[in-house]
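Each remark here refers to the structure printed beneath this line.
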Amino acid sequence: MGKTKGIVDNDPKVGSPMDDLPFKFFQFFVMTALRIDLLQPGRVLCSLKVPARLLNDNNSMRQGASALLVDCLGHAAVKTLTPSSTGVSLEVNVSFFDAAYLDEEIEIDSNVLRMGKTIAVVNVEFRKKSNGKIIAQGRLTTYVPVSSKL
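In terms of our numbering, the sequence shown is residues 16 to 165.
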């Protein structure tokens with residue numbers, strides 16, 4: 016197989032352009048324009064002016080960016096309740112109802128619905144800031160490690 020511009024074949028001797036990206040590149044790529052508006056125990060409220068780098072071919076915000084925000088902001092809301100632990104996502108889902116477009120202001124409201132001993136469930140809602148219309152709703156279920164008694 017030959018090379019196509021920007022794509023490499025599966026030859027293990029040939030590095031991938033992805034290898035040269037900084038650590039946590041995608042989180043940085045999506046979250047750079049994010050502003051934290053409110054932090055409360057179990058809640059993180061953020062604003063985002065949709066940047067061009069997050070647009071898909073339909074000129075609306077990419078669904079993958081929304082999914083990453085559900086994951087990251089869901090974990091952030093859990094961290095407001097258990098700051099010493101980091102968990103791992105067990106399930107992330109997003110339902111889309113509308114779209115956000117270039118330079119549109121949206122708010123993302125992440126709320127812990129249930130905080131158990133080892134499992135947390137978080138709701139993440141995306142709304143248009145201009146009229147409060149729901150763009151998407153996400154749900155994160157995450158494992159919360161049990162702290163050691165040692």
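Cβ coordinates follow ideal geometry from the N, Cα and C atoms, glycine included.
With contacts defined as CB atoms closer than 9 angstroms, A91 and G153 fail to qualify as a contacting pair.
T156 is positioned such that its CB atom lies closer than 9 angstroms to that of V136. Residue pairing by DSSP puts L60 in a beta bridge opposite L53, D124. For L70, the three-state secondary structure derived from DSSP is strand. Between M130 and V107, the CB-CB gap reaches or exceeds 9 angstroms.
Around the C-beta of G89, 16 or more other C-beta atoms lie within 10 Å, and the residue is accordingly described as buried.
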